[in-house]
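Just so we're aligned, residue 16 is where the sequence shown starts under my numbering, counting upward by one. We treat Cβ as the ideally placed atom computed from N, Cα and C, and that holds for glycine. Small disclaimer: the values here were computed from a predicted structure and weren't measured.
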Amino acid sequence: MEFEARVFSQIGGFGRYNRVVTVFSWFPNFAVSLNLFCDVFFTLVPEQYHCKPDPALLPSAFLLSNFSRQAYLNLSIPWVKGSGLSHCELYKYPENFTNLNNTEKLHREVVSCTRGWQFAKPAGLQSNFVTEWNLVCGNYWKIPLQHICFMTGWILGYVLLGTVCDWLGRRRALLLSVSLSSLLGVAVCLSNSPAAFQLLRLCQGTVLAGVFLSSYIARLELCDPSRRLMVSMVSGFFAVFAELLLPGLAVLCSDWPVLQAVATLPLLLLLSYWCWASVFPESPRWLLATSQIPQAKRCLQLFSTRNGACMRDEIYPAETLLTEIDVAFPEDPQPQFHHVLELRHTRVIWRNCLILAFTLFIGTGIQYCFTRNIHIYSSKFYFGYFLRTLTGALACVFLCVSVNRVGRRGILLLAAIVTGLSSLLLLALTQYLRGGLVLVLSVLGLLSSQALAMLSVFFASEVMPTVVRGGALGLVMAAGSVGMAASSLMELQNNGGYFLHHVVFASFAVLSVLCIMLLPESKRKALPDSLKDGENLRRPPLFLSRGERDSLPLLRTRQPASEYNPDNYSRLVSATRKMLAKESVPYKIVIPSQAPLLPNNDTAQANREDPS
Numbered sequence: 016m017e018f019e020a021r022v023f024s025q026i027g028g029f030g031r032y033n034r035v036v037t038v039f040s041w042f043p044n045f046a047v048s049l050n051l052f053c054d055v056f057f058t059l060v061p062e063q064y065h066c067k068p069d070p071a072l073l074p075s076a077f078l079l080s081n082f083s084r085q086a087y088l089n090l091s092i093p094w095v096k097g098s099g100l101s102h103c104e105l106y107k108y109p110e111n112f113t114n115l116n117n118t119e120k121l122h123r124e125v126v127s128c129t130r131g132w133q134f135a136k137p138a139g140l141q142s143n144f145v146t147e148w149n150l151v152c153g154n155y156w157k158i159p160l161q162h163i164c165f166m167t168g169w170i171l172g173y174v175l176l177g178t179v180c181d182w183l184g185r186r187r188a189l190l191l192s193v194s195l196s197s198l199l200g201v202a203v204c205l206s207n208s209p210a211a212f213q214l215l216r217l218c219q220g221t222v223l224a225g226v227f228l229s230s231y232i233a234r235l236e237l238c239d240p241s242r243r244l245m246v247s248m249v250s251g252f253f254a255v256f257a258e259l260l261l262p263g264l265a266v267l268c269s270d271w272p273v274l275q276a277v278a279t280l281p282l283l284l285l286l287s288y289w290c291w292a293s294v295f296p297e298s299p300r301w302l303l304a305t306s307q308i309p310q311a312k313r314c315l316q317l318f319s320t321r322n323g324a325c326m327r328d329e330i331y332p333a334e335t336l337l338t339e340i341d342v343a344f345p346e347d348p349q350p351q352f353h354h355v356l357e358l359r360h361t362r363v364i365w366r367n368c369l370i371l372a373f374t375l376f377i378g379t380g381i382q383y384c385f386t387r388n389i390h391i392y393s394s395k396f397y398f399g400y401f402l403r404t405l406t407g408a409l410a411c412v413f414l415c416v417s418v419n420r421v422g423r424r425g426i427l428l429l430a431a432i433v434t435g436l437s438s439l440l441l442l443a444l445t446q447y448l449r450g451g452l453v454l455v456l457s458v459l460g461l462l463s464s465q466a467l468a469m470l471s472v473f474f475a476s477e478v479m480p481t482v483v484r485g486g487a488l489g490l491v492m493a494a495g496s497v498g499m500a501a502s503s504l505m506e507l508q509n510n511g512g513y514f515l516h517h518v519v520f521a522s523f524a525v526l527s528v529l530c531i532m533l534l535p536e537s538k539r540k541a542l543p544d545s546l547k548d549g550e551n552l553r554r555p556p557l558f559l560s561r562g563e564r565d566s567l568p569l570l571r572t573r574q575p576a577s578e579y580n581p582d583n584y585s586r587l588v589s590a591t592r593k594m595l596a597k598e599s600v601p602y603k604i605v606i607p608s609q610a611p612l613l614p615n616n617d618t619a620q621a622n623r624e625d626p627s
C-alpha cells in the first residue's frame, strides 16, 4: 500500500501524536552526540608539558644549591627553540661535575624521561586519558589509535545494527542499543588501563551507532514529505547543543571518569522507553512494508486514536482503512524481512547508495584539512572547537532554508562544488595568501563540507527503500566513519602524509560533482517502501522536454475513464468473505458464476418465439 497516499492521511497525518513521538526521537541524538564529542576532551594533549626532573641525573652540587624553580628546570631540561622546554628529554650530568656557572659549554648527555611528566591543565578537565597514563612522546601513538578504535566501533555498529533495524524493527533496535550503551558507558568509567579503555570505547561506539541509526530512521518514517527535512535538521541542532554544552560540563566534572558518567546519564534516562512504549512506538510504515499485518493494524489504531482520527465501523466498510488493508492483504501473509545483501540484485538503489556513501566519505574526511588550517591560524583549543560548532549550526540553518526550495540534488551539488573549490584554492595559494584569507577559505570549506555530510545522510535515508533502509543507510554512515578515521591515520604518522591526504580528498570532491548528477530528486516525493519502489527512483532529465512536441492533435487518443480489473474484484470478494466470517454473519453471500454479458444466438431466438 502507498503509505502517504492511502494510510498517512487516514490516521491523522502529522498530527499531535506524531509530533510528540518526533520530539522524543530527538533526545537519543542529544545523548549520542554527548558521548561522541566527549572523545575530544578525553584525548586532548595539554598545550604545555615536560619531563619531571630526576635528581639521580643531576650532580650533588645542584642539590645543595638554592635555585629558583625556573632555573632548576632550565638546568634539568633541554630548551627547544620555538617550543620552550623539551617534552621528552632530560639532561644527564657527569658525576664529578662541580662548576655550576659554566653549564653552557659542558657536554651533557640527553636521555629520555625517567620519572614521568608534568602536565599543564588540559582544556576543561584536570585529568584525561592522556595525563592518566602519560600518553606522550613514545606512547603518543596510542592516542590516534584510540580514535581509530572508536571509529571502528561506529563502522561495525552501522553495518550490523542497521541490519538489526530491518529485521527486529526500529523500536527494538533502539532499546537494545540504549541498554548496551548504558552498560558500556558505566564500564568505561571503571577502566584502569589504556587497553581496557580502548576496547570498551570500541564496543560503546558500536552500540551508539545503533542508537543514532534507529532513532533517525523512525523519526523520518513518521513525517510527511513536506516536514521530513525540518524534523531531521532539528535533530542536528540537538547535536550542536550537546557540543556547546560539553565544555561547561568538562569544567564542572574536572576528571574524565566523572564526565563519562555524566555523558552516560542521558542514555540511562532513555531506558524509560522500555516501560513507556507510547513515546517511541514501532514504525507502522515498516510493519506494512514487511507484511506484519496484525501488528500494523494495532499500531495504526494507536496512531489514529491518539491523533483524534478514530476509525469506526461505517455503512460501507470498504472505505475504512482496516478494510483497505484486508483488501490489499486478503489472507494474513507471512512477514517478509530483507537484508542489505539483496542490493546486489538492484541497479538504481545500489548506485544511489554508492554515490551518497562517497559524498559522505568526502564530507567527513576533508574536514580534517580545513580544521588543521584553523589550528595553524590559532593554536587555542576553544577557538577551533567553537568555530567548528558554529559552522555546524550554520550548515543546519542553510539546509533548512534552501533544500526544500531548490531540491536535494541541487544543494548537494552546490556543497560539493564549494568544498572542492575551497580545498583546491588552499592547496594552490596557501603560501601566497594572508592568514585572514586562509582562515576565510578554511571556514567556508568547513561549512560546505559539514552541509555535504548532513545532506548526504538525509538524502540517503529518503531514497533507500523501507525494507532495507536500516542496512543501506548503515553502509552510507559507515563510509562517513571511515572518513573520520582517516584523520587519525594522519596523526598516527605524525602528519607525514597530510599533503597527499589533502590532494586525494580535493580530487574526490571534484569527482563527486559528476557522480551527484546521477542521483534522483526526492523533493516532495513519498518514501519508497519496497525494492521495486526504490528501483523506480531514477534521476530526472537534465533538460526538460516539452510534452507537445511529439504529440500530434490528429493522433491523440482518449484513455478510457475506467478499466475493469479482475484482480481487484477478486481481492475485494475474498476480503468481504473474510470480514463476514470474522463477524459470524448468519447469512451467506453467494457469488454467482460469471454469466455471459451478451445473449447468444440461441437465447435470442427463443426470446423471439416466446414473447411471454
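Reference residue i, options the options, closest by Cα
i, options, result
"Leu470", "Thr374, Phe253, Ala233, Asn149", "Thr374"
"Ala475", "Gly407, Leu526, Trp365, Ser241", "Trp365"
"Val255", "Ser192, Gly380, Phe45, Ser293", "Phe45"
"Glu17", "Glu236, Ala466, Gln133", "Glu236"
"Gly549", "Lys395, Cys368, Ala524", "Cys368"
"Gly495", "Ala257, Trp291, Gly380, Thr338", "Gly380"
"Leu105", "Ser98, Tyr87, Val125, Ala86", "Val125"
"Ile377", "Ser75, Pro209, Val518, Val151", "Val518"
"Leu286", "Leu356, Lys67, Arg242, Ser196", "Ser196"
"Ala257", "Asn50, Glu536, Leu189", "Asn50"
"Val458", "Val472, Gln446, Leu440, Tyr155", "Leu440"
"Ala634", "Trp156, Thr221, Leu217", "A question about residue 634 goes unanswered here, because the residues of the chain that appear run from 16 up to 627."
"Ala493", "Phe227, Phe352, Gly200, Cys103", "Phe227"
"Ser101", "Leu461, Tyr108, Ser91", "Ser91"
"Lys107", "Ala71, Arg130, Tyr87", "Ala71"
"Tyr383", "Arg130, Pro240, Val497", "Val497"
"Leu490", "Leu171, Phe56, Cys103", "Leu171"
"Ala524", "Ala468, Pro159, Asn419, Cys164", "Ala468"
"Pro43", "Pro74, Cys152, Ser250", "Ser250"
Where the beta strand (DSSP E) through residue i begins and ends
i, result
"His65", "64 to 66"
DSSP beta-bridge partners of residue i
i, result
"Ser127", "Glu104"
"Trp94", "Leu100"
"Ser496", "Answer is none; Ser496 lacks a bridge partner."
"Arg270", "Correcting the residue type first, residue 270 is Asp in the shown sequence and not Arg. Answer is Ser142, bridged to Asp270."
Residues near residue i in its chain [Cβ-Cβ closer than 8 Å; skip 5 each side]
i, result
"Cys432", "The sequence given here has Ile at residue 432, not Cys. So the list reads Val528, once near-sequence residues are dropped."
"His354", "Thr178, Asp181, Trp182, Val483, Gly486"
"Phe396", "Leu59, Glu62, Ala138"
"Asn207", "none"
"Leu215", "Leu199, Ala202, Val203, Ser206"
"Lys312", "Leu337, Ile340"
Backbone secondary structure at residue i - three-state DSSP
i, result
"Ser208", "coil"
"Asp54", "helix"
"Leu59", "coil"
"Leu533", "coil"
"Cys238", "coil"
"Phe352", "coil"
"Thr361", "coil"
"Met245", "helix"
"Arg449", "coil"
"Gln219", "helix"
"Glu339", "helix"
"Arg539", "coil"
"Asn44", "helix"
"Gln316", "helix"
"Cys324", "First, the residue type needs correcting, since residue 324 is Ala and not Cys in the sequence shown. Ala324: coil per DSSP, three-state reduction."
Near the ligand GDP: residue i beta-carbon under 7 Å from a heavy atom
i, result
"Arg186", "The ligand GDP is not among the ligands present in this structure, which contains no ligands whatsoever."
Sequence-distant residues of its chain with Cβ nearer than 7 Å to residue i (five each side left out)
i, result
"Ser269", "Leu140, Gln141"
"Val277", "Leu264, Cys268"
"Gln275", "Cys53, Gly200, Val203, Cys204"
Element boundaries [alpha helix (DSSP H), containing residue i]
i, result
"Gln133", "Unbroken run through Gln133 is the beta strand (DSSP E), 132 to 134; no alpha helix (DSSP H)."
"Lys157", "157 to 183"
"Gly435", "423 to 444"
"Ala304", "299 to 304"
"Asp548", "546 to 550"
"Ser24", "Looking at the DSSP string, Ser24 is not in any alpha helix (DSSP H), and its letter there is neither H nor E."
"Thr386", "382 to 392"
Same chain only: Cβ atoms within 6 Å of residue i, ignoring 5 sequence neighbours per side
i, result
"Glu19", "Ala541"
"Trp169", "Gly220, Ala224, Ser496"
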